[in-house]
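Here the structure is laid out as C-alpha cells; the discussion comes afterwards.
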Amino acid sequence: TVLDLLDDKRKDLFPVGRLDIHTEGLLLITNDGELCHRLLSPKHHVDKCYFAKTDLPIPADAVKKFEEGIDLGDFTSMPAKLEIIGDCEAKVIVQEGKFHQVKRMVKAVGSEVLYLKRLSMGSLKLDEELKLGEYRRLTKAELQELKEHRR
1 TVLDLLDDKR
11 KDLFPVGRLD
21 IHTEGLLLIT
31 NDGELCHRLL
41 SPKHHVDKCY
51 FAKTDLPIPA
61 DAVKKFEEGI
71 DLGDFTSMPA
81 KLEIIGDCEA
91 KVIVQEGKFH
101 QVKRMVKAVG
111 SEVLYLKRLS
121 MGSLKLDEEL
131 KLGEYRRLTK
141 AELQELKEHR
151 R
C-alpha cells in the first residue's frame, strides 16, 4: 500500500480516501479520524478535483449530465462539475468518492479515462514540486485550512 512508501512506519496512520493503482496525485495521510470524515463525507461538500485524459473527446452535453448527476447503475452520482479543457482533456470536480467514480462517470457519457490525477482536495492543492511517489508534511496553515473548511 501507499503506507509502505513512508519512512515513518507508525501504525496509527491511514490514507484519506484512495487512489486506484492507475490513478496518481494528491493523497492525504493522517491519524485524525475527524478530519478524514470531514474531507470524505459527501454531506460536508468537500471538492475533489481531478485531471483526466480520455480516449475520445467528451461530448459538450456531458457538462449538463454531470451537473444533474449520472446514473451509474448501483448509485446516481451527486451533481459534479465537468470542465472540458482540451480535445481529450477535462477537469472533474466531485464531492464524493465512490469506487472508480470519475472513470465511471466519464464512461457513462461516451469516453474512457486513459489517465487520471487528483489535483486537489478541499483547500489542499497537489504540490507540483513533488515527484511521483514523493511526499511531504502539511504546513500548519494547510492543516488549519482543511480543518476550517466551510462550503
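Using this note's numbering, the letters of the sequence shown correspond one by one to residues 1 to 151.
Beta carbons are placed, not taken as given, at the ideal position from N, Cα and C, and that holds for glycine.
Taking the beta strand (DSSP E) that residue i falls in, what are its first and last residues?
| i | result |
| --- | --- |
| CYS49 | 48–54 |
Among the options, whose alpha-carbon lies nearest the alpha-carbon of residue i?
| i | options | result |
| --- | --- | --- |
| LYS107 | ASP71, GLY33, ILE85 and PRO42 | ASP71 |
| LEU143 | ASN31, THR1, LEU6 and ASP7 | ASN31 |
| THR139 | SER77, LEU132 and LEU126 | LEU126 |
| HIS22 | VAL113, HIS149 and GLU145 | VAL113 |
| GLU129 | ASP8, GLY17 and GLY25 | GLY25 |
| LYS48 | LYS11, LEU132 and MET78 | MET78 |
| CYS36 | GLY17, TYR50 and LYS43 | GLY17 |
| VAL94 | PRO15, ARG118, ASP8 and GLU134 | ARG118 |
| SER120 | GLU67, LEU146 and LYS131 | LEU146 |
| ALA141 | LEU124, LEU132 and LYS131 | LEU124 |
| MET187 | PRO15, LEU13 and ALA80 | For the chain, the structure presents residues 1 to 151; residue 187 sits outside this window and is missing. |
Could you pull the DSSP bridge partners for residue i from this structure?
| i | result |
| --- | --- |
| VAL63 | DSSP lists no partner for VAL63. |
| LYS91 | PHE51 and GLU83 |
| TYR115 | LYS53 |
| THR76 | ASP71 |
| ILE123 | A small correction: the amino acid at residue 123 is Ser; Ile does not occupy that position in the sequence shown. Answer by DSSP bridge pairing: none, since SER123 is not bridged. |
| VAL16 | LEU28 |
Report yes if the C-beta distance between residue i and residue j is below 7 Å; otherwise report no.
| i | j | result |
| --- | --- | --- |
| LEU116 | ALA62 | no |
| GLY122 | VAL46 | yes |
| LEU19 | LEU27 | yes |
| PRO59 | ASP87 | no |
| SER111 | THR76 | no |
| VAL2 | TYR50 | no |
If you follow the alpha helix (DSSP H) that residue i is in, where does it begin and where does it stop?
| i | result |
| --- | --- |
| GLU24 | No alpha helix (DSSP H) holds GLU24; the beta strand (DSSP E) holding it covers 23–25. |
| VAL106 | 101–108 |
| LEU40 | 33–40 |
| LEU28 | Looking at the DSSP string, LEU28 is not in any alpha helix (DSSP H); the run it does join, the beta strand (DSSP E), is 28–30. |
| GLU142 | 140–147 |
Taking only heavy atoms of the ligand NAP into account, decide whether any of them is closer than 6 Å to the Cβ of residue i.
| i | result |
| --- | --- |
| GLU128 | Ligands displayed in this structure: none; no statement on the ligand NAP is therefore possible. |
task = May I ask you to verify whether the region 67–81 touches the region 90–101, counting CB pairs closer than 8 Å and requiring at least 3?
result = yes
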